[in-house]
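For reference, the structure discussed in these notes is given below.
This is the structure:
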């Protein structure tokens, strides 16, 4: 069930490289990755889990609101992250020239089903 | 010179709450903040400097490319961050229902001038 939604997100987004459903502890429930040259996308996701944990802690301390979405753009990749609940998030990675708007839309569209399946 | 560009970004964006030009060490060169209830936006910026440092380190280690832009959406705020160089970034904070696209455009438009003034 999870991997199907993840694969849909990657394949329906131009430039889609991979998607992962992961806990803040860096352990993936499910994932779908296309092979990307010189890049271990799973390792990337694990590292970003650590960063999200920091952001979450910061948002909590500062009472700046519950974290919902984080995007990181580098000169190689776009990473879109959507928070599902207090334990899990879903991250979609695109090539830099991928379709950001479509990726964001698909993440929003698929998140409620992922969330429901987690509960 | 800096504060003028920062003020422009905040005032020309619907929902604009504050902008800051800051080093990764959390020390601001310049800033412009509107008063926001229950929220120390400068403290928020300092905390986010720490997070950026983590993201930068991660991107370097993973060779996932040079970090350019980070956005964080909570249920209260939108924070858009644009990396200027290895030492400084500019962060623009909006109310949650602010104009994200305009904010992103203004950050892109003003960044080269800020960058040039820093060098």
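Chains as they are written, first to last, in this note's numbering: chain A, 1 to 119; chain B, 1001 to 1119.
We put the beta carbon where it would ideally sit given N, CA and C, even for glycine.
Owing to the predicted nature of the structure, the values given are computational and were not obtained by experimental measurement.
Start-to-end residues for the beta strand (DSSP E) that takes in residue i
i: residue 74(A); result: 67-74
i: residue 30(A); result: 28-33
i: residue 82(A); result: 77-83
i: residue 20(A); result: 16-23
i: residue 122(A); result: Absent from the model: residue 122(A). The displayed extent of chain A is 1 to 119, so no value can be given.
i: residue 95(A); result: 88-95
Identity of the residue in the options nearest residue i by Cα
i: residue 1048(B); options: 1072(B), 1031(B), 1057(B); result: 1072(B)
i: residue 1080(B); options: 1091(B), 1102(B), 1113(B), 1030(B); result: 1091(B)
i: residue 144(A); options: 65(A), 77(A), 18(A); result: With chain A covering 1 to 119 only, the question about residue 144(A) has no answer from this structure.
i: residue 1112(B); options: 1014(B), 1088(B), 1050(B); result: 1088(B)
i: residue 94(A); options: 110(A), 35(A), 60(A); result: 35(A)
i: residue 86(A); options: 109(A), 110(A), 119(A); result: 119(A)
Beta carbon of residue i nearer than 7 Å to that of residue j
i: residue 5(A); j: residue 107(A); result: no
i: residue 1103(B); j: residue 1008(B); result: no
i: residue 51(A); j: residue 1054(B); result: yes
i: residue 1100(B); j: residue 1078(B); result: yes
i: residue 117(A); j: residue 1(A); result: yes
i: residue 1023(B); j: residue 74(A); result: no
Cβ-based neighbour list, residue i, same chain, cut-off 6 Å, excluding 5 preceding and 5 following
i: residue 1056(B); result: 1067
i: residue 69(A); result: 82
i: residue 20(A); result: 28, 31, 45, 91
Where the alpha helix (DSSP H) through residue i begins and ends
i: residue 1008(B); result: 1002-1012
i: residue 101(A); result: 100-118
Chain-order list of residues whose beta-carbon lies under 7 Å from that of residue i (same chain, five-residue window excluded)
i: residue 1058(B); result: none
i: residue 97(A); result: 15
i: residue 1076(B); result: 1096
i: residue 105(A); result: none
i: residue 1003(B); result: 1030, 1032
Residues of its chain near residue i, where Cβ-Cβ distance is below 8 Å and the 5 sequence neighbours each way are ignored
i: residue 11(A); result: none
i: residue 43(A); result: none
i: residue 1025(B); result: 1049
Where the stretch 63-90 of chain A meets chain B: residues whose CB sits under 8 Å from a CB there
Taking 8 Å as the Cβ-Cβ cut-off against chain B, the residues of the stretch 63-90 of chain A that qualify are 63, 64, 65, 66, 67, 68, 69, 70, 71, 72, 73, 74, 75, 76, 77.
In the stretch 45-60 of chain A, which residues sit with their C-beta less than 8 Å from some C-beta in chain B, listed in chain order?
Flagged, chain order: 47, 48, 50, 51, 54, 55, 58, 59.
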